[in-house]
Amino acid sequence: MSSSVAGTVSPTRQALRRVRRDRSARVGAVLVVLLIVIAAAAPLLVRLAGQDATTYHIDLLDPNRGNAPAGALGGISGSHWFGVEPLTGRDLFSIVVLGLRTSLTIAVVVTAITTVVGTLAGISAAYFGGWYDAIMSRLLDFLFGFPQLVFMIALGIIIPARFPRWLLLILVLSFFGWAGLARLIRNQARSLVTREFVEAARSVGSSGWMVITRELLPNLLGPVLVIATLAIPGYIGAEAALSFLGVGVPPPTPSLGRSISDSIAWVYTGADPWFLLFPGAVLFLAVLGFTLLGDGVRDAFDVRLRRTS
Amino acid sequence: MSEELLNLKDVKKYFGLRGAPWRKAQAVRAVDGVNLVVRKGETVGLVGESGSGKSTLARVATRLLDPTQGRVEIGGTDVTKVRGRRLRPIRRRIQMVFQDPQASLNPRQSVGTILSTPYRAQGIRPTRAQLVELLEQVGLAEQYLERYPHEFSGGQRQRIGIARALSVKPDLLVCDEPVSALDVSVQAQVLNLLADLRDELGLSYVLVAHDLAVVRQVADRIAVMYLGTIVEEGPAAEVYEAPAHPYTKALLSAVPVPEPGVERDRIVLTGDVPTPIDPPSGCPFRTRCYKAQDVCATQRPVLEPVAGNTEHRAACYFPEPPPPERT
Chain A
1 MSSSVAGTVS
11 PTRQALRRVR
21 RDRSARVGAV
31 LVVLLIVIAA
41 AAPLLVRLAG
51 QDATTYHIDL
61 LDPNRGNAPA
71 GALGGISGSH
81 WFGVEPLTGR
91 DLFSIVVLGL
101 RTSLTIAVVV
111 TAITTVVGTL
121 AGISAAYFGG
131 WYDAIMSRLL
141 DFLFGFPQLV
151 FMIALGIIIP
161 ARFPRWLLLI
171 LVLSFFGWAG
181 LARLIRNQAR
191 SLVTREFVEA
201 ARSVGSSGWM
211 VITRELLPNL
221 LGPVLVIATL
231 AIPGYIGAEA
241 ALSFLGVGVP
251 PPTPSLGRSI
261 SDSIAWVYTG
271 ADPWFLLFPG
281 AVLFLAVLGF
291 TLLGDGVRDA
301 FDVRLRRTS
Chain B
310 MSEELLNLKD
320 VKKYFGLRGA
330 PWRKAQAVRA
340 VDGVNLVVRK
350 GETVGLVGES
360 GSGKSTLARV
370 ATRLLDPTQG
380 RVEIGGTDVT
390 KVRGRRLRPI
400 RRRIQMVFQD
410 PQASLNPRQS
420 VGTILSTPYR
430 AQGIRPTRAQ
440 LVELLEQVGL
450 AEQYLERYPH
460 EFSGGQRQRI
470 GIARALSVKP
480 DLLVCDEPVS
490 ALDVSVQAQV
500 LNLLADLRDE
510 LGLSYVLVAH
520 DLAVVRQVAD
530 RIAVMYLGTI
540 VEEGPAAEVY
550 EAPAHPYTKA
560 LLSAVPVPEP
570 GVERDRIVLT
580 GDVPTPIDPP
590 SGCPFRTRCY
600 KAQDVCATQR
610 PVLEPVAGNT
620 EHRAACYFPE
630 PPPPERT
């Protein structure tokens, strides 16, 4: 459909245009894209470096310093770009990029699940109301009040090791994660449901599904997008935290959180502070990138701060 | 007598008030027993103060709300119990125009999308030509199809709202205060548009309004609501010239006269409208009526012909006498 009127843009496109103009959001977007590319190409990069994340290089360690990497800067060399892991001598670059891949995959999958489930649950509760809304709201209260971290740690110990840990992580984080979005979307949608355009859609015979997808959802796109982008760094951190506590992704699968956990002792003793630097920096950049982007999206969609019409 | 498009029979709509469980359940009696017939080609004005139940009645008539009691007949068939998917063919006969054109258009949809919603609800994909025709019917140009609601003025938005209602080719439009949110100069334009559409398409209207001047301009018949009931009903000219119910009389006396120096005998009502949670016994208007007597508190008066005229009816024990025949 060709537009005969110049300059007519939908409110959503206007918001996205504002994101593009926001400098810190652009920085965030560049970081996010870069990290996603690295994570996606991680196996390729590892092969390019001629390394893998599992081979021990005992010969690169210094037994006199408690098996810390031999040489300066944690053993950085032409073949080991980030140096090697103390105690085992595994290639740190491989561990970091593959760990980033693990963290991002889990964070993105969990965000996708919680966003879809939370949005649908929130909108349907607001639209149908009544006992359905009452039950849904109590369920959300329950999930909010639940001691999540303790539960996750306990679950990590109880569930047999045969059950894949990454799947367990995704399931547990998703199970608790959708509640926040669902409650927010429910409250926003409730104020929309009473607006006359929803009544108008019903009065022309639109089905409930049509009202939800065509009338309500486009108006909630802003908050959904904002929460989703801001949720990703949260889940990256959560995965790292659980791996740090030893109930996350088990070895030998690389994980940023576990590497950071392993590095603590080496930083304390001063034997190999470089072990913390690389996984820590990558985790920091990932969280920073998504947070900057999320902030930009929030500013662009926040109608309370900005109203152009 | 022409075809009945809408027939409301003793319709009641109560809204439950939520309170503590040990308290007696209370209900707001928004509409409390209304009979109303709209025939083909007719424009019925529904007037009353805020809170008199006009908008609720409009929503019950368009089946946006379920009546607590009573029957809703559209085009001669009882649709009180019809729900969901089976309501769709009925929705094609009766459509609604909303009060606030800002709130009744989805801000995230272009005009084209807004106008195609009724078609999609009926499972049809509209052609561009159909949408353009709708726009032209309400006096808007094709170029507006890609625009969004925030780019329009209030009057233009209300035209879009009317175009949306017309898309399913209804017989009856229920307009809920269609011009009260608009500037006075724009009000006249929109009312003229409604009048033109009536002549062009043979539409009928239920026109809800609190502005008597607005109703007078377009209505053939008038129903006056007070506290959820119709207190007077009749041909527009008669109700205006010779109001029979004291409430109607008081309402009309409040309309300013555009004639300097002319004083009108104003009937000033005292007190507030009683709460619809606990309406007065007998006549709902008796607490503010200047004619009230003991009998008014006993039983609610029913609509009865005024001076033997079955077209003009009022619910009052002491209706105003008709003006003496001019000779």
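Residue numbers (the working numbering), protein chains in the order written: chain A, 1 to 309; chain B, 310 to 636. C-beta atoms are modelled at their ideal positions from N, C-alpha and C, and glycine is treated no differently.
Between the alpha carbons of R434 (chain B) and T422 (chain B) lies a distance of about 11 Å. Secondary structure at G432 (chain B): coil, using DSSP grouped into helix, strand and coil. Residue pairing by DSSP leaves L16 (chain A) without any beta bridge partner. Minimum Cα-Cα distance from L245 (chain A) among the listed residues A:L171, A:A49 and A:I153 corresponds to A:I153.
P376 (chain B) has a beta carbon lying at 8 Å or more from every beta carbon in chain A. The contact set of G205 (chain A) on chain B, defined by CB atoms closer than 9 Å, consists of R394, L396, R397, P398, I399, R400, R401, P427, A430, Q431 and V477 in chain order. Each of B:A518, B:P552, B:L521 and B:R368 was checked against the Cα of A339 (chain B), and the nearest Cα belongs to B:R368.
Neighbours of T291 (chain A) in chain B, taken as residues at a C-beta separation under 8 Å, are lacking, since the least C-beta distance is about 27 Å. The C-beta separation of I403 (chain B) from P479 (chain B) comes to about 6 Å, placing the pair in contact by the 8 Å criterion. Rounded to whole angstroms, V117 (chain A) and V226 (chain A) show a C-alpha spacing of 16 Å. Annotated as proximal: V406 (chain B) and G470 (chain B), with beta-carbon spacing under 8 Å. Bounds of the alpha helix (DSSP H) holding V548 (chain B) are A545 to E550. With a beta-carbon spacing of about 6 Å, A189 (chain A) and L216 (chain A) fall inside the 8 Å limit used to define contacts. DSSP, read as helix, strand or coil, puts Y453 (chain B) in helix.
Between V30 (chain A) and V282 (chain A) a beta carbon distance of about 15 Å is seen, past the 8 Å cut, so the two are scored as non-contacting.
For M210 (chain A), the nearest beta carbon of chain B is closer than 8 Å to its own beta carbon. Within chain A, no C-beta atom comes nearer than 7 Å to that of P435 (chain B); the closest sits roughly 12 Å away.
Setting aside the 5 residues that flank it on each side, V420 (chain B) is surrounded in the same chain by Y453, L454, R456 and I469, each with a C-beta closer than 7 Å to its C-beta; the list follows chain order. Close to S10 (chain A), with beta-carbon spacing below 9 Å, are these residues of chain B in chain order: R417, Q418, S419 and Y457.
Interface criterion met: the Cβ of L373 (chain B) is under 8 Å from a Cβ in chain A.
When the five nearest sequence neighbours on each side are left out, the beta carbons in the same chain lying within less than 6 Å of the beta carbon of L104 (chain A) are those of A39, in order along the chain. For P218 (chain A), the nearest beta carbon of chain B is closer than 8 Å to its own beta carbon.
Within the same chain, Cβ atoms closer than 7 Å to the Cβ of V347 (chain B) are found at L314, L315, V353, L481, S513 and V515, the five residues on either side in sequence being excluded. Within the DSSP bridge table, the entry for G354 (chain B) names B:L516 and B:I531 as partners. In this structure the region 235 to 245 of chain A does not touch the region 199 to 218 of chain A; the number of beta carbon pairs closer than 8 Å is below three. P11 (chain A) is classed as buried because its beta carbon has at least 16 other beta carbons within 10 Å across all chains shown. Excluding five sequence positions before and after G350 (chain B), the CB atoms of its chain that fall closer than 7 Å to its own CB belong to S311, G511 and S513, given in chain order.
Within its own chain, the residues whose Cβ lies closer than 7 Å to the Cβ of S476 (chain B), once the five positions on either side in sequence are excluded, are L424, P427, Y428 and L443, listed in chain order. Out of B:N501, B:E629 and B:C605, the CA that lies nearest to the CA of A616 (chain B) is found in B:E629. Spatial neighbours of R298 (chain A) in its own chain (CB-CB distance under 6 Å, excluding positions within 5 residues in sequence) are listed in chain order as V226.
Contact between the region 515 to 530 of chain B and the region 593 to 609 of chain B is not established, with fewer than three Cβ pairs separated by less than 8 Å. For K558 (chain B), the enclosing alpha helix (DSSP H) has its first and last residue at P555 to S562. Between A624 (chain B) and H554 (chain B), the CB-CB gap stays under 8 Å. Closest in C-alpha terms to L184 (chain A), from the list A:A121, A:P147 and A:P218, comes A:A121. Within chain A, no C-beta atom comes nearer than 7 Å to that of R525 (chain B); the closest sits roughly 26 Å away. By the rule that beta-carbons nearer than 8 Å mark a contact, D409 (chain B) touches chain A.
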